[in-house]
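Written out below as structure tokens is the structure these notes cover.
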Amino acid sequence: MLSWDPVTLSRVLTGLTLFVHIVFASIGVGIPMMIALAEWRGVRKKDPHYTLLARRWARGFVISVAVGVVTGTAIGLQLSLLWPTFMRVAGQAIALPLFMETFAFFIEAIFLGIYLYTWDRFKKPILHLLLLIPVAIGSSASAFFITTLNAFMNTPQGFTLKNGVFADFQPLVAMFNPATPTKVSHVLASSYTLSAGLLAGIAAFSLLRGRRGVYFKKALKLTATAAFVFAVSTAIIGDFSGKFLAHYQPEKLAAAEWHFETMTKAPLIYGGVLGENGEVKYALELPYALSILAGGTPNTNVIGLNEFPVDERPPLLIHYMFDLKVTIGVLLVLIPFLYLLRRWLPKGKNRGKGKGGYPKWLLLGIVALGPLAMTAIELGWMFAEFGRQPWIVRGYMKVSEAATTSQNVGSMLILFIILYLVLCASCITVLVKLFRGKSVDDEMRELGISGGERK
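What the sequence shown shows, in the working numbering, is residues 7 to 461, in sequence order.
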């Protein structure tokens, strides 16, 4: 591993950091929205169970924020150390979103602290809920600004190229580039889906273990319903993303679909194996579907991969990333939809016997929502990054031109692997002890809330 060249090591280290950070970043964006939904429902319905949900979720959220700060800081550090040429050449174009992301995080952190320490301090509970609005806005704004940076790398604008040098920067034009709308909306929707799915899985797991309190049923109802809404939104935005790729990054869409020849009525290829001569075997072919994805009609002309130089084509491996991501997206819509139809589902022998009145198979499916959404997000960013290769700034700068030449990247990689293992293990340990140390029933008794476990 240490014998790899600096470019490869830099790519591996940056990829590892993003792989870890994106989970905590997505949770950091989505959980405040779920906390707000729970507390809003508690205030509106005067239901203390939903308010307790918000309390407990907020405690866990703080732990994930702490880890996310560390991994996010690592990304900023690595941009300067591993990609110095990129920062020197494009730094002025991306400086504004980097600064604004820090500003948004400060707003989130300040109001999160106030929110956590002001429970039961207001006569009107709605005032406490209002403190969460800046937290939710700040977390989503952080995602917005960072995503615009990535969008710029995919569709760069807001500068001129003079004698091979970037000049005349327009930061706002660079930030609001063509990729920004679809990328930002997709990141936000997928983050909300992941958070709702994780919380729904926790509630379903509690019901599987025989917890029959109404608290867990209400938690499942809120989170599963939210997961369905957010998953449908993510799927719709994904369709718009396909149309964006067809117009602005046709080589990425062509590589993702193993589409080599430019044509209308292009089929969508699902699965399969690519032969030595470029022929596709054992795939499921959906007639006209790629043209419809690209432009909304079967007569849309879809540019083939053969139109691009061989050294500027993305790796064909992204085909499997795309297919698996789409498959998981269907499951993320289907599973919570089945929950919404639970009254008409087959009862089964376990219904009503220690499973909260839900079929065991349905609860198991809901438990899988979090891991599925997490996998989809990881596949999504890998698809985005691999699909932009070989460019770091599409059309202007290749990855090989932007990386450091230092021979110490291998040692740094080992140190960061150890750091991330310690961080993730510590996060899981702290969260488990935090919630095991104070069970739902203990907290309900302390707060004088009825509706705990039925003995």
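C-beta: ideal position from N, C-alpha, C; glycine also.
These numbers were taken from a predicted model, which means no experiment stands behind them.
First and last residue of the uninterrupted alpha helix (DSSP H) at residue i
i	result
alanine 44	12-51
valine 373	366-373
isoleucine 2	In the structure as shown, the chain starts at 7 and stops at 461, and residue 2 therefore has no counterpart that could be examined.
valine 68	54-88
valine 308	Note, valine 308: premise wrong, no alpha helix (DSSP H); not H, not E.
isoleucine 324	324-346
valine 193	186-214
valine 179	177-181
valine 171	It is not in any alpha helix (DSSP H) - valine 171 instead sits in the beta strand (DSSP E) that spans 171-173.
C-beta contact flag for residue i and residue j at 8 Å
i	j	result
leucine 296	leucine 323	no
histidine 325	alanine 260	no
leucine 135	methionine 450	no
phenylalanine 30	serine 86	no
alanine 147	alanine 195	no
threonine 161	proline 187	no
methionine 159	arginine 400	yes
serine 417	valine 13	no
isoleucine 398	phenylalanine 92	yes
isoleucine 372	alanine 206	yes
leucine 338	alanine 237	yes
glutamate 384	isoleucine 81	no
leucine 204	tyrosine 364	no
phenylalanine 314	glutamate 391	no
arginine 65	leucine 440	yes
serine 201	isoleucine 37	yes
lysine 271	asparagine 305	yes
valine 35	serine 197	yes
leucine 178	leucine 43	no
valine 95	methionine 403	yes
glycine 335	phenylalanine 266	no
alanine 157	lysine 189	yes
phenylalanine 175	phenylalanine 165	yes
valine 193	alanine 149	yes
aspartate 317	tyrosine 276	no
leucine 15	valine 415	yes
alanine 379	threonine 199	yes
Beta strand (DSSP E) segment containing residue i, residue limits
i	result
tryptophan 350	Element bounds for tryptophan 350: n/a, residue is neither H nor E.
isoleucine 398	397-399
Rounded distance between the beta-carbons of residue j and residue i, thought under 8 Å
i	j	result
leucine 88	alanine 409	6 Å
isoleucine 341	leucine 375	6 Å
alanine 382	lysine 331	5 Å
glutamine 395	proline 293	Rounded, the Cβ-Cβ distance is 30 Å, inconsistent with contact.
glutamine 84	threonine 20	6 Å
leucine 369	alanine 233	No, leucine 369 and alanine 233 are not in contact; Cβ-Cβ is about 14 Å, not under 8 Å.
proline 54	methionine 181	Incorrect: roughly 43 Å between the Cβ atoms, too far for contact.
isoleucine 41	alanine 60	5 Å
threonine 268	valine 308	7 Å
valine 26	threonine 77	5 Å
phenylalanine 422	threonine 23	7 Å
threonine 281	alanine 289	Position check: residue 281 holds glycine in this sequence, whereas threonine was assumed. Not confirmed; about 11 Å, so no contact.
proline 131	valine 235	Between valine 235 and proline 131 the Cβ distance is about 25 Å, and since that is not below 8 Å, they are no contact.
glycine 74	isoleucine 113	Contact doesn't hold; Cβ gap of about 15 Å is too wide.
phenylalanine 250	methionine 327	Incorrect: roughly 17 Å between the Cβ atoms, too far for contact.
tyrosine 123	leucine 138	Actually they are not in contact, since the Cβ atoms of tyrosine 123 and leucine 138 sit about 13 Å apart, beyond 8 Å.
tyrosine 56	alanine 230	In fact, because the Cβ distance is near 14 Å, the residues do not count as touching under 8 Å.
phenylalanine 117	proline 140	4 Å
One or two residues paired with residue i in a DSSP bridge
i	result
leucine 292	Leu274
methionine 403	Val399
lysine 287	Val279
Any non-hydrogen atom of the ligand FAD within 7 Å of residue i CB
i	result
glycine 401	The ligand FAD is not among the ligands present in this structure, which contains no ligands whatsoever.
Quick one: which unbroken alpha helix (DSSP H) runs of 4-plus residues sit fully inside the region 120-168? Chain order, please. 131-136, 138-160
Whole alpha helix (DSSP H) runs in the region 237-276 with 4 or more residues, listed along the chain? Listed in chain order, the complete alpha helix (DSSP H) runs (minimum 4 residues) inside the region 237-276 are 256-262.
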